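Residue numbers (our numbering): 128 to 306.
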């Protein structure tokens with residue numbers, strides 16, 4: 128059971144499983160995955176009827192840093208897809224005035240494609256490659272998992288040990304990684 132695999136609570140996030148099956152979720156969502164095994168959850172990209180959107184920290188260390196620090200700040204781990212709000216949500220975050228001192232791009236969490244996105248989302252500067260990777264990853268994951276408007280989904284971070292240890296400072300530490 129995932130409940131038995133919780134290694135520790137790190138202020139707003141929980142690590143689930145061990146080794147290659149370890150992943151991170153928002154502490155607020157941990158009880159929703161407590162009925163499933165880590166390995167089966169990752170294979171099925173779901174726990175019972177809760178679908179997963181998996182972000183790989185080895186490929187997107189700064190994106191996953193933004194997500195995990197947003198969870199620590201109280202943002203939800205379970206989001207609701209809502210493409211009808213995406214355009215409006217994008218008008219409220221990552222504005223041209225958002226500082227990009229290292230030439231990166233703005234990333235927001237919760238995602239603009241979710242009901243929880245928009246005003247109040249956490250914004251961090253990330254490498255352009257990661258931001259482009261995430262956009263394609265989300266679109267692909269929504270289709271693959273059959274996540275449609277109105278569906279709840281759990282954001283999961285794999286390889287949590289690869290989350291960037293600090294903010295983006297102009298160097299893409301996962302440059303050799305593909306999406």
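Cβ atoms here follow ideal geometry from the backbone N, Cα and C, with glycine treated the same way.
None of these values were measured; they are calculated from a predicted model.
Legend entry - Span of the alpha helix (DSSP H) around residue 260: Looking up residue 260 in the chain shown gives position 133. Here the alpha helix (DSSP H) through residue 260 covers 255-271.
Legend entry - Identity of the residue in 213, 299 and 205 nearest residue 280 by Cα: As a working note, residue 280 is residue 153 in the chain shown. Minimum Cα distance to residue 280 is reached at 205.
Inset, instruction - Check whether the Cβ atoms of residue 156 and residue 284 lie closer than 7 Å to each other. - result: Here the question's residue 156 lines up with position 29 in the chain shown. Here the question's residue 284 lines up with position 157 in the chain shown. Cβ distance not < 7 Å, so residue 156 and residue 284 don't count as in contact.
Inset, instruction - Counting only the same chain and skipping the five closest in sequence on each side, list residues whose C-beta sits under 6 Å from that of residue 139. - result: To locate residue 139, count along the chain shown from 1; it is residue 12. Answer for residue 139: 154, 198 and 199, listed in chain order.
Legend entry - 7 Å CB neighbourhood of residue 231 in its chain, flanking five on each side removed: Within the chain shown, the letter at position 104 stands for residue 231. The answer, listed in chain order, is 252, 253, 254, 255 and 295.
Legend entry - C-alpha distance - residue 136 paired with residue 192, whole-angstrom precision: The count along the chain shown starts at 1 and reaches residue 136 at position 9. The count along the chain shown starts at 1 and reaches residue 192 at position 65. The predicted position of residue 136 is uncertain, since its pLDDT is 42 and thus under 50; no value can be drawn from it.
Legend entry - chain B contact for residue 182 (CB, 7 Å cutoff): The displayed structure is made up of one protein chain only, and chain B is not part of it.
Inset, instruction - Counting only the same chain and skipping the five closest in sequence on each side, list residues whose C-beta sits under 6 Å from that of residue 291. - result: Position 164 of the chain shown, counted from the first residue, corresponds to residue 291. Excluding sequence neighbours, residue 291 sits near 188, 189 and 192.
Inset, instruction - Compare the C-alpha of residue 259 against each of 159, 306 and 239 and name the closest. - result: Here residue 259 is taken as the residue at index 132 of the chain shown, counted from 1. That would be 306, whose Cα lies nearest to the Cα of residue 259.
Legend entry - Contacts around residue 236, its chain only, beta-carbon distance under 7 Å, and the 5 residues preceding and following it disregarded: Position 109 of the chain shown holds residue 236. 193, 194, 197, 202, 248 and 249.
Inset, instruction - On a CA-only basis, which of 219, 257, 269 and 287 is nearest residue 301? Give me that one, please. - result: Residue numbering aside, residue 301 sits at position 174 when the chain shown is read from its first letter. The shortest C-alpha separation from residue 301 is found at 257.
Legend entry - Close beta carbons around residue 213, own chain, < 7 Å, minus the five adjacent residues each side: As a first step, residue 213 is located in the chain shown; it is residue number 86 there, counting from the start. The residues are 239 and 240.
Legend entry - the region 264-279 touching the region 172-183, judged by at least three CB pairs closer than 8 Å: yes
Inset, instruction - Can you grab the Cα-Cα spacing for the pair residue 128 / residue 141, in whole Å? - result: Within the chain shown, the letter at position 1 stands for residue 128. Within the chain shown, the letter at position 14 stands for residue 141. Per-residue confidence for residue 128 stands at a pLDDT of 29, beneath the threshold of 50, marking its modelled position as unreliable; the derived number appears in the next sentence. If I take the Cα positions, the gap works out to 14 Å.
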